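**Student:** Here's a structure for you.
Protein chains: 2
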Amino acid sequence: MKKEILFDFAAESSKKVYKDGVIHPIKVAMKEVSLNNGESILLYDTTGIHGEQGYVCNPKEGIVKVREQWVEKRAARDGGYKTQLWYARQGVITEEMEYVSIRESQGAKESYITPEFVRDAVAQGRAIIPANRCHPESEPMIIGRDFLVKINANIGNSALGSSIDDEVEKSLWSIRWGADTVMDLSTGLNIHATREAILRNTPVPIGTVPMYQALEKVNGKVEDLTWEVYRETLVEQCEQGVDYFTIHAGVLKEFVANAKARVTGIVSRGGSILAKWMSINDKENFLYTHFEDICLLLKQYDVAFSLGDGLRPGSIADANDEAQFGELKILGELTKIAWKHDVQVIIEGPGHVPMHKIKENMELQEKICHNAPFYTLGPLVSDIGAGYDHITSAIGAAMIAWQGTAMLCYVTRKEHLSLPNKDDVREGVVTFKLAAHAADIAKGHPGAAERDLQMSKARYSFRWTDQFNLSLDPSRAREYHYEMIKDTGKENDFCSMCGPNFCAMRITQSIDK
Amino acid sequence: MKKEILFDFAAESSKKVYKDGVIHPIKVAMKEVSLNNGESILLYDTTGIHGEQGYVCNPKEGIVKVREQWVEKRAARDGGYKTQLWYARQGVITEEMEYVSIRESQGAKESYITPEFVRDAVAQGRAIIPANRCHPESEPMIIGRDFLVKINANIGNSALGSSIDDEVEKSLWSIRWGADTVMDLSTGLNIHATREAILRNTPVPIGTVPMYQALEKVNGKVEDLTWEVYRETLVEQCEQGVDYFTIHAGVLKEFVANAKARVTGIVSRGGSILAKWMSINDKENFLYTHFEDICLLLKQYDVAFSLGDGLRPGSIADANDEAQFGELKILGELTKIAWKHDVQVIIEGPGHVPMHKIKENMELQEKICHNAPFYTLGPLVSDIGAGYDHITSAIGAAMIAWQGTAMLCYVTRKEHLSLPNKDDVREGVVTFKLAAHAADIAKGHPGAAERDLQMSKARYSFRWTDQFNLSLDPSRAREYHYEMIKDTGKENDFCSMCGPNFCAMRITQSIDK
């Protein structure tokens, strides 16, 4: 592992701290930032043990298995492993539920999310806790409209490099900047071993699109895909510990005709593969016809469905069309079926949507999918942002998250153009953390507003170091600031932009005196 | 002038074209992009003569005076110079009005903005055409809620460098990326000569905050400021050709007490200077008490008011408070007074505002300020985005522009940290063009959606060059894409991200065949 992926919290006046559970003997990880006015703030942190001072990752060993004992104990007691949804419906507060209740209150002066509130949200299907029993390394987290907005970062071995260590490094790099889940979208060689290394070393839930590996198994020939090959792939990935699967079970034959008339057709890889398979075989989507079989498998591991939007719009012109909303209706029906089997569900959403059509997406999803969490890719509010599509999508993402979307899939500035490098991943993750955070403020999460308040107090007091440490990317904030004052090398009691005569905050304070 | 500020439209398969007026003998500049499918699209373009192929700028000479004859002819005919608002109220369609009616229809298949529609909007005060008679180099443009959203870029000689040529270069660099107006916020040496060079070479309206120069005239001593010094500064800048002035006439004594109780006090430089002046002298704001004197001066040149929000919130905690809305109410009263004198008005707005409080800002501004155009700085939807505040503000900017804000002042990623360099300016301008464009789409401007449609068609046809040329930053889009395919050096009929087996658009098209 290379040096730059180390998590140097000390440089940010921060340290990993643990808060005890009340119901269960659990230790909830968070990051405490010490401020120069004597106060401190607890922040949500996804780095797991990698954030411990001096911790050095050895990818061959794997990290601590936080959930191992909980899982084993419950399975012994309850006659086999049950899903979080099953427990929630039984009225049982699991270790995972208490964990997320404490985690979600971070930053706030007082805890405001109770374990019972979490249990109830999971029981209703309004939130999920992705928690494959075979991925005990993952620290519990929750995805739901009543909780902090989460973000996902995509990696994959056709992306930044190809070695297994590279992929682990990419995964850790994503969580270093705040990714709440990571999707491994590998399509090339060594899919199995790469995923194994990622799972054993990453403390956040891992998602995949199993179709990609299934297609590799038939050498990329869509016509050779079968339910059996796909099912074998699911079992393999369940056993490894993948926490959620994107499954495009709502792409039905009848919608493909609508999608063909579009400006940009089908832009989901999984969706296009299935459309082609249906066209070749003149049969209905086998993920749809075998949906209950999939439920029976996933419930054994507590792998969650991320019901894929294979017909999401790929352009402003195609937004909110019949194909898109037709598929959404099917996803709503499938949600009910999954819930019948106690399998947790999130629903994937667009895509490219102009600002004035975002609200309709959220409202329809809520209604049609019975309040199951929404997980969107942006949406991008224009098609012409090439080179800046992390921004095009962050605008839509912030808006739809405010409306209730529970998780945002990041988009990098290389979207539509090429594959992201490390800088692009960092820029993309931080941009989406910002969009999610803006939504958390607008939704009224007390912990979110508290961080902004501390930041603004630091700003008005010219406490520069505190400003850096409270920002989402302390190293960049510090670097930009010191570019400016590198000649004097010292911090000032006025904005470096305005100089001493024109600093509004300094002038205002001089009035007070 | 350095080489990189040349406008190499040829590399973008683009050229400057001119469309004739019907009412007046005018030639309206725009940029035509030729596409590889035989179509072409007309785009709004702010580069003026600098966009002409082979044009080399000589800052000492100045550029062509597009409006010189119109101004002189009208003054001779009408017994002195009159404002655009005066003409609009008389029912007269000026050359400027016809010009913008043609300009605003760019990109659309058919012209949809008539000269009469423009005249009516100006007559109602719903829109302004900044057009100082002493700045004939400026190509007419309109700022109003019924028109394309505009963006402003700030420059100033304490910023990127300090020579006069540097400042002209910064101004041209801003319009090269699409700035619709430029504000010269210089506070250092050579203010007069710098502004002169900018005005003589820039084909977009120029704004200033005259208080900065007035304060320089009294050596930075707020206590020495007087109405006389300020008035002298206004005359000087009117004569030079500044098109709009930020004037903080709404910062009244009664509001300053409210602002003192805030988390971040007063963050407007002009606002804090006036607050201090009032505190020292125990008198009401002299810009307020002399407001009609200012009107009588500005109407002689057709300089527009940009009524400054000296009490804009500088943090999420301070958004939408009494100080802010108290000042807004005064700005509404001042608007009526300015209109009485036929002086055009825009109203400046925040600042830092969480997403859920943006709409209230727009609705109150509309109501209180009688539909005068709103011109906002962002707003930033969080305080913790240090290093990424072009994005924090673009989110708020896109939302408020969709709600009706007419012009957006750009924010760079160096905001709160240091001064922007050329890369930061480019990133900031393009980011704000994107936010403005997203709002134009959401507001239903046909020309805006047309560009996205052409982009998406190019994307679905793998016409890479067309995608670059239709984007807001063709050189960056091209650069990112060629990073990826540099090994083969050729364009592909599949997305470079997914490879041939996993390109959704390619798979979809194979179904059609």
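Going down the list, the sequences are from chains A and B.
The first sequence begins at 917 in this note's numbering and counts up one residue at a time.
The second sequence begins at 917 in this note's numbering and counts up one residue at a time.
By construction, the Cβ of each residue, glycine as well, lies at the ideal position given by its N, Cα and C atoms.
Note that this is a predicted model, so its numbers are computed, not measured.
(1) Do you know whose CA, among A:Glu1032, A:Ala1254, A:Asn1048, lies nearest Glu1155 (chain A)'s CA?
(2) Closest Cβ-Cβ distance between Val1346 (chain B) and chain A: below 8 Å?
(3) Have a look at Ile1058 (chain A) and Val1259 (chain A) and give me their C-alpha separation to the nearest angstrom.
(4) So with Cβ pairs under 8 Å, would you call Phe1418 (chain B) a contact of chain A?
(5) Which parts of the region 1160-1200 of chain A are runs of the alpha helix (DSSP H), unbroken and 4 residues or longer, counting only runs that do not cross its ends?
(6) Exposed or buried, what is Ile1044 (chain B) when buried is set at 16 or more other beta-carbons lying within 10 Å of its beta-carbon?
(7) Give the range of the alpha helix (DSSP H) segment to which Leu1214 (chain A) is assigned.
(8) In the region 1262-1287 of chain A, which residues sit with their C-beta less than 7 Å from some C-beta in chain B, listed in chain order?
(9) Between Thr1118 (chain B) and Gly1344 (chain B), what straight-line distance do the alpha-carbon atoms span, to the nearest angstrom?
(10) For Glu977 (chain B), name the three-state secondary structure that DSSP assigns.
(11) Counting only Cβ pairs nearer than 7 Å, list the residues of chain B close to Asp1299 (chain A).
(12) Could you confirm whether any beta carbon from chain A is found closer than 8 Å to the beta carbon of Glu948 (chain B)?
(13) Does the beta carbon of Tyr1376 (chain B) sit closer than 8 Å to a beta carbon anywhere in chain A?
(14) Going by the DSSP bridge assignment, what does Ile1059 (chain A) pair with across the sheet?
(15) Since Glu1399 (chain B) meets chain A, which of its residues come closer than 7 Å, beta carbon to beta carbon?
(16) With the cut-off set at 8 Å, would you say Arg1329 (chain B) and Asp1305 (chain B) are in Cβ contact?
(17) Please list the segments of the beta strand (DSSP E) lying wholly inside the region 1247-1328 of chain B, counting only runs of 3 or more residues, in order along the chain.
(18) Using Cβ-Cβ distances below 8 Å, what residues of the region 1168-1182 of chain B are close to chain A?
(19) Taking the alpha-carbon positions, what's the Gly964 (chain A) to Val1098 (chain A) distance?
(20) May I ask you to verify whether the region 1222-1239 of chain B touches the region 1160-1179 of chain B, counting CB pairs closer than 8 Å and requiring at least 3?
(21) Please confirm if Arg1379 (chain B) has its CB atom under 8 Å from at least one CB of chain A.
(22) Assign Pro1052 (chain B) to one of three DSSP states: helix, strand, or coil.
(23) Judging by CA-CA distance, which residue of B:Thr1308, B:Arg1005, B:Thr1030, B:Val1158 is the nearest neighbour of Tyr1015 (chain B)?
(24) Which chain B residues are close to Met1421 (chain A), counting only those with a beta carbon under 9 Å from its beta carbon?
(25) Against Met1315 (chain A), what residues of chain B qualify as contacts under a CB-to-CB distance less than 9 Å, listed in chain order?
(26) Using the DSSP secondary-structure output, state which residues sit across from Ile957 (chain A) in a beta bridge.
(27) Going by Cα to Cα distance, which pick from B:Leu1333, B:Lys1252, B:Glu955, B:Phe1207 is closest to Trp1380 (chain A)?
(28) Can you give me the Cβ contacts of Lys1133 (chain B) inside the same chain, cut-off strictly under 6 Å, excluding the 5 residues immediately before and after it?
(29) Determine whether the Cβ of Gln1240 (chain B) lies closer than 8 Å to any Cβ atom of chain A.
(30) Can you tell me which of A:Ile1091, A:Ile1080, A:Ala1130, A:Pro1126 puts its alpha carbon nearest to the alpha carbon of Ala1109 (chain A)?
(31) Could you check the C-alpha separation between Leu1105 (chain B) and Thr1149 (chain B) for me, to the nearest Å?
(32) Using a 10 Å radius around the Cβ and a threshold of 16 neighbouring Cβ atoms, would you call Gln1006 (chain B) buried or exposed?
(33) Please compile the residues from chain A whose C-beta is within a distance smaller than 8 Å of the C-beta of His1353 (chain B).
(34) So, do the region 1353-1371 of chain B and the region 1317-1331 of chain B have three or more beta carbon pairs nearer to each other than 8 Å?
(35) Which residues in chain A have a C-beta closer than 8 Å to the C-beta of Thr1308 (chain B)? List them in chain order.
(36) Any Cβ of chain B within less than 8 Å of the Cβ of Trp1318 (chain A)?
**Tutor:** Checking against the coordinates, here is how it stands:
(1) Out of A:Glu1032, A:Ala1254, A:Asn1048, A:Asn1048 has the C-alpha closest to the C-alpha of Glu1155 (chain A).
(2) At least one chain A Cβ lies under 8 Å of Val1346 (chain B).
(3) Near 15 Å, if we compare the C-alpha coordinates of Val1259 (chain A) and Ile1058 (chain A).
(4) Cβ-Cβ to chain A under 8 Å: yes for Phe1418 (chain B).
(5) The DSSP assignment places complete alpha helix (DSSP H) segments of no fewer than 4 residues inside the region 1160-1200 of chain A at 1169-1176, 1185-1197, in order along the chain.
(6) By the 16-neighbour rule on beta-carbons within 10 angstroms, Ile1044 (chain B) is buried.
(7) Note, Leu1214 (chain A): alpha helix (DSSP H), 1207-1214.
(8) Among the residues of the region 1262-1287 of chain A, those with a Cβ less than 7 Å away from any Cβ of chain B are Pro1270, Met1271, His1272, in the order of the chain.
(9) Cα to Cα, the separation comes out at about 19 Å.
(10) Three-state DSSP puts Glu977 (chain B) in coil, outside helix and strand.
(11) Ordered by position in chain B, the residues that pass the 7 Å Cβ test against Asp1299 (chain A) are Asp1368, Met1371, Ser1372.
(12) Nearest CB-CB separation between Glu948 (chain B) and chain A: not below the 8 Å threshold.
(13) A Cβ of chain A is located within less than 8 Å of the beta carbon of Tyr1376 (chain B).
(14) In DSSP, Ile1059 (chain A) forms a bridge with A:Ile1044.
(15) Within chain A, the residues near Glu1399 (chain B) are Ser1334.
(16) Contact annotation: Arg1329 (chain B) and Asp1305 (chain B) have beta-carbon atoms nearer than 8 Å.
(17) Counting only runs of 3+ residues, the beta strand (DSSP E) found wholly inside the region 1247-1328 of chain B occupies 1261-1265, 1290-1293, 1323-1325, in chain order.
(18) Taking 8 Å as the Cβ-Cβ cut-off against chain A, the residues of the region 1168-1182 of chain B that qualify are Val1172, Ala1175, Lys1176, Val1179, Thr1180, Gly1181, Ile1182.
(19) Spanning the two alpha carbons is a distance of roughly 14 Å.
(20) Three or more beta-carbon pairs drawn from the region 1222-1239 of chain B and the region 1160-1179 of chain B are found closer than 8 Å, and the two stretches are therefore classed as touching.
(21) Cβ-Cβ to chain A under 8 Å: no for Arg1379 (chain B).
(22) Looking at Pro1052 (chain B) - three-state DSSP - the assignment turns out to be coil, as it is neither helix nor strand.
(23) Restricting attention to B:Thr1308, B:Arg1005, B:Thr1030, B:Val1158, the CA atom closest to the CA of Tyr1015 (chain B) is found in B:Thr1030.
(24) Under the 9 Å cutoff, chain B gives Thr1180, Gly1181, Ile1182, Val1183, Ser1188, Gly1230.
(25) Within 9 Å Cβ-Cβ: Met1271, Ile1311, Ala1314, Met1315.
(26) Beta-bridge partners of Ile957 (chain A) (DSSP): A:Val949.
(27) The option with the nearest alpha carbon to Trp1380 (chain A) is B:Leu1333.
(28) So the qualifying residues of the chain are Val1145.
(29) Not an interface residue.
(30) Nearest option by C-alpha distance: A:Ile1080.
(31) Looking at the backbone, the Cα of Leu1105 (chain B) and that of Thr1149 (chain B) are separated by about 15 Å.
(32) By the neighbour-count rule (16 or more Cβ atoms within 10 Å), Gln1006 (chain B) is not buried but exposed.
(33) Result: Ser1298, Ile1300.
(34) Per the Cβ contact rule, the region 1353-1371 of chain B is in contact with the region 1317-1331 of chain B (3 or more Cβ pairs under 8 Å).
(35) For Thr1308 (chain B), the residues of chain A that pass the 8 Å Cβ criterion are Leu1350, Ala1354, in the order they occur in the chain.
(36) Taking Cβ atoms only, chain B reaches closer than 8 Å to Trp1318 (chain A), which makes this a yes.
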